[in-house]
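Structure first, commentary second.
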Amino acid sequence: MNETHRGRLTREGIRIHETADFAGMHRAGALAAQILDEIAEYVFVGQTTAAIDKLIEDKVNASGAKSATIGYKGYQHASCISVNHVVCHGIPGDKVLKDGDILNVDVTVIVDGWFGDTSRMYVAGKLSRKSERLIQVTHDALMKGIEAVRPGATFGDIGHAIQSYVEAHRMSVVRDFCGHGLGRVFHSPPNVLHYGRAGSGPRLEEGMFFTIEPMVNLGRPETKVLADDWTAVTRDKSLSAQFEHSIGVTATGAEIFTLSPAGKFHPTWA
Ligand code: MF3
Ligand code: CO
Ligand code: CO
């Protein structure tokens with residue numbers, strides 16, 4: 107058994123990590139979250155998404171960590187930056203942020219072999235009431251999902267908690283992308299769906315590490331991927347938001363690895 111293959115796998119191929127592994131995930135998660143804290147002041151009207159990505163890449167390198175996304179399936183950037191109706195996997199570029207633009211910035215770092223993956227929402231200029239509502243509901247939906255995490259619950263319970271919360275607010279959950287197991291790998295089983303039936307899916311066990319990263323649309327849930335093969339947008343061009351935490355299942359609930367050191371994860375920090 108080498109370091110990469112510590113712990114055991116469930117029938118569904120989900121890795122059960124050891125207690126000592128939580129510390130590595132906390133270090134990786136904290137760095138990713140700290141970088142998201144530090145870029146907040148660089149999100150403003152007139153800024154380009156490429157400039158924000160460059161800051162992120164520099165911060166990852168300065169910390170001695172590695173970007174998990176540079177070189178991943180040909181992706182060439184240290185972050186995904188998804189503006190307005192972009193659902194996820196927006197490619198940083200020379201697009202200039204306008205007043206009222208909302209954006210998700212998603213960063214994944216590797217620290218001593220452990221992956222920390224987190225994303226949150228930012229605004230350039232003034233936040234409109236409808237964008238604020240979307241961002242708040244998306245954030246709260248992620249937290250509802252995390253509240254459903256404990257040994258013995260199922261992945262369907264997580265999806266159900268998120269979907270029912272979002273739909274009660276007359277918004278929609280994206281089906282085409284999901285959360286994922288992670289640890290010493292970027293993406294591993296299971297697929298963590300952000301919708302579903304209570305009691306369905308694999309059972310949660312202490313030592314599972316995974317992300318929850320709901321994408322919520324003001325309009326319909328359907329998405330399409332643009333010709334660049336990465337950028338996913340809402341088909342109806344409605345606004346979309348996303349928040350992502352990496353978490354571990356403990357004996358009694360969940361530990362969040364990607365908590366913001368500065369308390370800036372929640373959308374009302376500003
Ligand atoms: N961080 C994204 C996730 O939450 C994955 C980005 S892969 C990339 O899983 F190649 F697009 F960066
Ligand atoms: Co992820
Ligand atoms: Co991510």
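One gets this note's numbering by counting positions in the sequence shown from 1 and adding 106 to each. The beta carbon of each residue, even a glycine, is placed where N, CA and C say it ideally should be. All values derive from a computational prediction rather than experimental measurement.
Exercise for review: Determine the direct distance from the alpha carbon of ILE141 to that of LYS165, and round the result to whole angstroms.
Suggested key: 7 Å
Point to revise | Local Cβ density within 10 Å of SER352, reported as buried at 16 or more and exposed below that | key: buried
Check your understanding: Rounded C-beta distance between GLY287 and PHE261? I'm assuming under 8 Å.
Key -> Going by Cβ atoms, the distance from GLY287 to PHE261 rounds to 10 Å, so no, they are not a contact pair.
**Study point:** Residues near LEU240 in its chain [Cβ-Cβ closer than 7 Å; skip 5 each side]
**Key:** MET277, VAL322, LEU324, LEU345, ALA347
Review point. Between LEU365, PRO320, GLY302, ALA184, which lies nearest to GLN242 when the distance is taken from Cα to Cα?
Key: PRO320
Point to revise | Closest by C-alpha distance to VAL217, when choosing among HIS123, ASP282, ALA129, ASP200 | key: ALA129
Check your understanding: Does the distance from the CB of ILE318 to the CB of VAL291 come in under 8 Å?
Key -> no
Point to revise | Terminal residues of the alpha helix (DSSP H) in which GLY307 lies | key: Premise fails: GLY307 is in no alpha helix (DSSP H) and is neither H nor E.
Practice item. Could you check what DSSP says for ARG112 in three-state terms: helix, strand or coil? Key: coil
Check your understanding: Which class does SER237 belong to by DSSP, given the choice of helix, strand or coil?
Key -> helix
Check your understanding: Which residues in the same chain have their Cβ closer than 8 Å to the Cβ of GLU312, if we skip the five residues on either side of it in sequence?
Key -> ILE122, PRO257, VAL355, THR356, ALA357
Check your understanding: Is the beta carbon of THR224 less than 8 Å from the beta carbon of ALA139?
Key -> yes
Check your understanding: Where does the unbroken alpha helix (DSSP H) through ASP263 begin, and where does it stop?
Key -> 261-274
Review point. Which partner residues of LEU365 appear in the DSSP bridge assignment?
Key: DSSP output for LEU365 lists no bridge partner at all.
Exercise for review: Have a look at GLN269 and TRP220 and give me their C-alpha separation to the nearest angstrom.
Suggested key: 30 Å
Check your understanding: Do you know how far the Cα of PHE349 is from the Cα of LEU365?
Key -> 12 Å
Review point. Hey, is THR175 close to ligand 2, as in C-beta under 7 Å from one of its heavy atoms?
Key: no
Review point. If you draw a straight line from the alpha carbon of ARG326 to that of GLY285, how long is it in whole angstroms?
Key: 20 Å
Check your understanding: Do ALA202 and SER185 have their C-beta atoms within less than 8 Å of each other?
Key -> Residue identity differs from the one stated: residue 202 is Val in this sequence, not Ala. No.
Review point. Which residues mark the beginning and the end of the alpha helix (DSSP H) in which VAL255 is found?
Key: Element bounds for VAL255: n/a, residue is neither H nor E.
Point to revise | Residue(s) in a DSSP beta bridge with TYR228 | key: LEU209
**Study point:** DSSP beta-bridge partners of HIS286
**Key:** ASN297
Check your understanding: Are the CB atoms of VAL189 and THR155 nearer to each other than 8 Å?
Key -> yes
Point to revise | Alpha-carbon to alpha-carbon, ASP143 and PHE371 | key: 8 Å
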